[in-house]
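Take a look at the structure below.
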Amino acid sequence: DDAQLLADFCGVQHERVAVVPNGLPLPGPSAAAAPTAGKPAVVLMVGIYSYEPNGEGARHFIEHTWPLVRQARPDAEAWFVGASPESIGDARHMPEGVKLLGFVDDIEAVYAQADVLICPILTGGGTRVKLIEAALRGKPIVSTTLGAEGLGFNDGRQARLCDTPDAFAEACVTL
């Protein structure tokens with residue numbers, strides 16, 4: 018789709034446009050650690066929150082979806098990892114279970130503890146590298162349709178694609 022869009026925009030033949038796939042290094046062996054019995058369920062979002070689509074998505078998730086997750090799983094935690102977590106809001110005034118962690122020393126350890134990776138993006142564009150990273154680590158993914166746009170993910174196969182707070186929460190709880 019991107020190749021055709023670019024070819025049309027530039028007025029060139031489709032055959033003259035090459036698409037280079039995204040690529041990331043494979044994670045280390047600790048990335049697929051098994052869940053630990055008795056630990057809280059962890060929903061993880063990774064991003065740069067000063068990028069407004071990430072900040073907006075995180076705030077929307079916390080306000081509209083998180084209460085539904087906590088109702089079903091009172092022990093659950095939502096971790097927001099990455100630059101500028103203050104763009105989400107004041108960490109001292111977050112709902113119970115929400116942790117604005119910012120940068121972490123060991124992202125592999127965070128991924129290993131996460132049960133579900135979320136991408137609650139409502140606006141914007143670009144490749145959601147966070148989804149590719151989660152898929153490489155074998156993590157269940159819940160994303161909005163827009164959040165997974167361009168990756169070829171199908172609902173129920175590579176990710177759960179949910180565009181309402183109720184459906185998003187249900188997918189997080191189920192996974």
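Counting from 18, one number per residue, gives the positions in the sequence shown under this note's numbering.
All C-beta atoms, glycine included, are put in the ideal place defined by N, C-alpha and C.
- C27: not part of any beta strand (DSSP E); member of the alpha helix (DSSP H) spanning 19-27, first to last residue.
- Out of A176, A186, D172, the CA that lies nearest to the CA of K156 is found in A176.
- By the Cβ criterion, the region 172-191 is in contact with the region 81-93, since at least three pairs of Cβ atoms, one from each stretch, lie closer than 8 Å.
- If you ignore the 5 residues before and after K147, its C-beta comes within less than 8 Å of the C-beta of M62, V63, G64, L134, C136, all in its own chain and listed in chain order.
- From the listed residues R154, G114, E187, G142, the smallest Cα separation to A165 is found for G142.
- Taking each of D132, F170, C189 in turn and checking the Cα distance to V159, the smallest one comes out for C189.
- G72 and A108 have their alpha carbons spaced roughly 13 Å apart.
- Counting only residues of its own chain and dropping the five nearest sequence neighbours on each side, R76 has a CB closer than 8 Å to the CB of I105, G106.
- Considering only Q21, G114, V34, the residue with the shortest C-alpha distance to V59 is G114.
- In the three-state reduction of the DSSP assignment, D92 falls in the coil class.
- At the C-beta level, A20 and V37 stay beyond 8 Å of one another.
- Between L118 and V86, the CB-CB gap reaches or exceeds 8 Å.
- For the pair K116 and D25, the Cα-to-Cα distance works out to about 44 Å.
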